[in-house]
Amino acid sequence: ELKVEQNPLFLSMQEGKNYTIYCNYSTTSDRLYWYRQDPGKSLESLFVLLSNGAVKQEGRLMASLDTKARLSTLHITAAVHDLSATYFCALPQEGGSEKLVFGKGTKLTVNP
Amino acid sequence: SQTIHQWPATLVQPVGSPLSLECTVEGTSNPNLYWYRQAAGRGLQLLFYSIGIDQISSEVPQNLSASRPQDRQFILSSKKLLLSDSGFYLCAWSATYPGPRVASNQPQHFGDGTRLSIL
Chain A
297 ELKVEQNPLF
307 LSMQEGKNYT
317 IYCNYSTTSD
327 RLYWYRQDPG
337 KSLESLFVLL
347 SNGAVKQEGR
357 LMASLDTKAR
367 LSTLHITAAV
377 HDLSATYFCA
387 LPQEGGSEKL
397 VFGKGTKLTV
407 NP
Chain B
141 SQTIHQWPAT
151 LVQPVGSPLS
161 LECTVEGTSN
171 PNLYWYRQAA
181 GRGLQLLFYS
191 IGIDQISSEV
201 PQNLSASRPQ
211 DRQFILSSKK
221 LLLSDSGFYL
231 CAWSATYPGP
241 RVASNQPQHF
251 GDGTRLSIL
């Protein structure tokens, strides 16, 4: 059974600082997704990572995937208040499945 | 472009009352459809998954049911709501998985959600 662990679960940081959110998973997977959720809102897709070593960047966010270590990271560069949200990673329940297992989420608060 | 509509946005229901939440997708054919529940401050739990009309798998035992009467319509129902049914319900769709040797590069796309409070 796939287990997905994110850490930290809560992250409070100052504007302008850098930080990394980690997503560890227990079984091999061919892809990994990152989502963002603003308070009281739905989920928005950020990144789809398909292969070992994949790196994708959008603005101040950069996601990477290491399938051998079963680890994905979401790096935040020079955080701004608008990045305050909860970030989820998710993977397919099993090979070839479209059913996703989500991590518990990392609630990020960026303080001025 | 594809869009997903979910309604109502907010619902307050008494314990024991019935429930019907609706989700429709536009701009795509034969989508995979999903119902998730998110309890306050927690992650998402997959409730139902559908690959086609009348083809629905239930992921967790519960007093909820789902139906897919049309290709792009997904309905979440209950005959009698429990207090524990409170939460944020999200409908999502994804493109049909291309095959075992071709990883899907498309994420799931979520509706705006329904916030359900049971009194």
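Chains as they are written, first to last, in the working numbering: chain A, 297 to 408; chain B, 141 to 259.
For each residue, glycine too, the CB sits at the ideal point set by N, CA and C.
Interface residues of chain A facing residue i [CB-CB closer than 7 Å]
{"i": "Q248 (chain B)", "result": "L396"}
{"i": "Y229 (chain B)", "result": "Those within 7 Å of Y229 (chain B) in chain A number zero; the least Cβ separation is about 11 Å."}
{"i": "S169 (chain B)", "result": "Residues of chain A passing the Cβ test: none, with the nearest at roughly 16 Å."}
{"i": "S190 (chain B)", "result": "Going along chain A, no residue has its Cβ under 7 Å from S190 (chain B), so there is no contact; the nearest lies around 10 Å."}
Contact set between residue i and chain B, taken where Cβ atoms lie within less than 8 Å
{"i": "Y321 (chain A)", "result": "Ordered by position in chain B, no residue passes the 8 Å Cβ test against Y321 (chain A), which lies about 14 Å from the chain."}
{"i": "V344 (chain A)", "result": "N245, Q246, P247"}
{"i": "S368 (chain A)", "result": "Going along chain B, no residue has its Cβ under 8 Å from S368 (chain A), so there is no contact; the nearest lies around 14 Å."}
Residue i vs residue j beta-carbon contact at 8 Å
{"i": "L317 (chain A)", "j": "Q333 (chain A)", "result": "One detail in the question is off: residue 317 (chain A) reads as Ile in this sequence, not Leu. No, Cβ-Cβ distance for I317 (chain A) and Q333 (chain A) is not below 8 Å."}
{"i": "L221 (chain B)", "j": "I258 (chain B)", "result": "yes"}
{"i": "A149 (chain B)", "j": "D225 (chain B)", "result": "no"}
{"i": "S338 (chain A)", "j": "F250 (chain B)", "result": "yes"}
{"i": "T168 (chain B)", "j": "Q195 (chain B)", "result": "no"}
{"i": "T254 (chain B)", "j": "L151 (chain B)", "result": "yes"}
{"i": "F214 (chain B)", "j": "L173 (chain B)", "result": "yes"}
{"i": "N348 (chain A)", "j": "T324 (chain A)", "result": "no"}
{"i": "S308 (chain A)", "j": "T382 (chain A)", "result": "no"}
{"i": "G336 (chain A)", "j": "A375 (chain A)", "result": "no"}
{"i": "P247 (chain B)", "j": "V344 (chain A)", "result": "yes"}
{"i": "L346 (chain A)", "j": "Y331 (chain A)", "result": "no"}
{"i": "R212 (chain B)", "j": "E162 (chain B)", "result": "no"}
Chain-ordered neighbours of residue i on chain A, where CB pairs are closer than 8 Å
{"i": "G253 (chain B)", "result": "K337, S338"}
{"i": "N172 (chain B)", "result": "E394"}
{"i": "S160 (chain B)", "result": "Under the 8 Å cutoff, chain A gives no residues; its nearest Cβ is about 20 Å from S160 (chain B)."}
{"i": "S234 (chain B)", "result": "E394"}
Whole-angstrom C-beta distance between residue j and residue i, which should lie under 8 Å
{"i": "I372 (chain A)", "j": "N320 (chain A)", "result": "Not really, about 18 Å apart at Cβ, beyond 8 Å."}
{"i": "S198 (chain B)", "j": "S207 (chain B)", "result": "At roughly 12 Å, the Cβ-Cβ gap does not stay under 8 Å, so S198 (chain B) and S207 (chain B) are not in contact."}
{"i": "K299 (chain A)", "j": "G183 (chain B)", "result": "In fact, because the Cβ distance is near 12 Å, the residues do not count as touching under 8 Å."}
{"i": "K403 (chain A)", "j": "F306 (chain A)", "result": "5 Å"}
{"i": "S322 (chain A)", "j": "R366 (chain A)", "result": "7 Å"}
{"i": "L256 (chain B)", "j": "Q153 (chain B)", "result": "7 Å"}
{"i": "Q210 (chain B)", "j": "I193 (chain B)", "result": "7 Å"}
{"i": "P171 (chain B)", "j": "K219 (chain B)", "result": "With 8 Å as the limit, P171 (chain B) and K219 (chain B) do not qualify as a contact, their Cβ atoms being about 27 Å apart."}
Given residue i as reference, the closest of the options once Cα atoms are compared
{"i": "L223 (chain B)", "options": "B:Q195, B:L173, B:A179, B:I196", "result": "B:A179"}
{"i": "S360 (chain A)", "options": "A:R327, A:T405, A:S322, A:F398", "result": "A:R327"}
{"i": "P201 (chain B)", "options": "B:Q185, B:S190, B:H145", "result": "B:Q185"}
{"i": "L379 (chain A)", "options": "A:T324, A:Y329, A:E340, A:T323", "result": "A:E340"}
{"i": "L370 (chain A)", "options": "A:Y329, A:E390, A:Q310, A:L346", "result": "A:Y329"}
{"i": "A232 (chain B)", "options": "B:P158, B:R177, B:S157, B:G181", "result": "B:R177"}
{"i": "W175 (chain B)", "options": "B:I144, B:K219, B:N245", "result": "B:I144"}
{"i": "V397 (chain A)", "options": "A:F384, A:N407, A:P408", "result": "A:F384"}
{"i": "P408 (chain A)", "options": "A:L357, A:A386, A:Q310", "result": "A:Q310"}
{"i": "H377 (chain A)", "options": "A:E390, A:P304, A:R356", "result": "A:R356"}
Proximal chain B residues relative to residue i, where beta-carbon distance stays under 7 Å
{"i": "K329 (chain A)", "result": "It should be noted that the sequence gives Tyr, not Lys, for residue 329 (chain A). Result: P247."}
{"i": "G401 (chain A)", "result": "G183"}
Cross-chain neighbours of residue i in chain A, by beta carbon under 9 Å
{"i": "L186 (chain B)", "result": "Q389, K395, L396, V397, F398"}
Partner residues on chain B for residue i, Cβ-Cβ distance less than 9 Å
{"i": "F384 (chain A)", "result": "G183, L184"}
Neighbour flag for residue i against chain E, beta carbons, 8 Å
{"i": "S380 (chain A)", "result": "This model lacks chain E altogether; the protein chains it does include are A and B."}
What residue ranges within the stretch 172 to 214 of chain B form continuous beta strand (DSSP E) runs of no fewer than 3 residues, ordered along the chain?
172 to 178, 184 to 192, 195 to 198, 204 to 210
Enumerated in chain order, which unbroken segments of the beta strand (DSSP E) with a length of 3 residues or greater are wholly contained in the stretch 345 to 372 of chain A?
Qualifying beta strand (DSSP E) stretches, in chain order: 351 to 354, 357 to 362, 367 to 372.
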